[in-house]
Amino acid sequence: MNPTHEIYFMFVTRSNHVSMKYSDLVDALLSYPNVNFRFLNPIEYARHTPLEDFFVRDELSKSKYIIEHTSDILRILTLYKFGGLYLDLDVTCLRSMKDIATDELIKMPNFVSLETFDHIENAIMKFDLVSGREVAKLYLE
573 MNPTHEIYFM FVTRSNHVSM KYSDLVDALL SYPNVNFRFL NPIEYARHTP
623 LEDFFVRDEL SKSKYIIEHT SDILRILTLY KFGGLYLDLD VTCLRSMKDI
673 ATDELIKMPN FVSLETFDHI ENAIMKFDLV SGREVAKLYL E
């Protein structure tokens with residue numbers, strides 16, 4: 573699992589206590605020292621970003637697809653805040669991230685994946701903290 577990279581799984585929960593004790597997948601993931609789980613409060617997470625008011629007004633609760641939309645928004649918000657590379661869990665890397673770091677695509681500061689010839693998607697995205705923040709801000713608006 574790319575041991576030279578920190579991997580973060582973020583969870584949004586309204587509960588103060590979430591038990592993952594019985595999940596084989598979680599246990600397997602936690603066996604890697606570079607895998608981190610973070611539970612977050614969306615209102616706090618969006619503070620001082622273009623989505624602060626959106627979360628305060630609880631706009632996501634109006635969505636018919638709240639889980640999917642929350643996931644979409646939080647992945648883009650994370651790249652807005654920190655920059656970096658995002659991959660969906662079902663994306664399969666055929667080589668180590670260390671090996672592909674020299675590829676021209678990975679060297680590019682910003683990119684998104686295509687769903688079709690004329691539609692972008694957010695399963696694979698990379699934004700830097702300068703020009704990428706502007707791209708992420710456009711997504712969020």
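Residue numbers (the working numbering): 573 to 713.
Glycine included, every Cβ here is placed at the ideal spot set by N, Cα and C.
As the structure is a computational prediction, the values presented were derived from the model and not from experiment.
Secondary structure at residue i, three-state DSSP: helix, strand or coil?
i, result
"residue 598", "helix"
"residue 581", "strand"
"residue 686", "strand"
"residue 607", "strand"
"residue 641", "helix"
"residue 656", "strand"
"residue 666", "coil"
"residue 661", "coil"
"residue 695", "strand"
"residue 710", "helix"
If the criterion is Cβ atoms closer than 9 Å, does the pair residue i and residue j meet it?
i, j, result
"residue 647", "residue 658", "yes"
"residue 651", "residue 708", "yes"
"residue 682", "residue 699", "yes"
"residue 702", "residue 692", "no"
"residue 628", "residue 615", "yes"
If I measure Cβ to Cβ from residue i and keep anything under 6 Å in the same chain, skipping five residues before and after, which residues do I get?
i, result
"residue 624", "618"
"residue 596", "none"
"residue 736", "Past the edges of the chain, shown from 573 to 713, lies residue 736, and the structure says nothing about it."
Can you tell me the Cβ-Cβ gap for residue i and residue j, rounded? I've got them flagged as a contact below 8 Å.
i, j, result
"residue 642", "residue 584", "6 Å"
"residue 579", "residue 607", "5 Å"
"residue 649", "residue 712", "7 Å"
Closer than 8 Å by C-beta to residue i: which residues in its own chain qualify, once you throw out the five before and the five after it? Chain order, please.
i, result
"residue 697", "647, 648, 651, 657, 658, 683, 684, 685"
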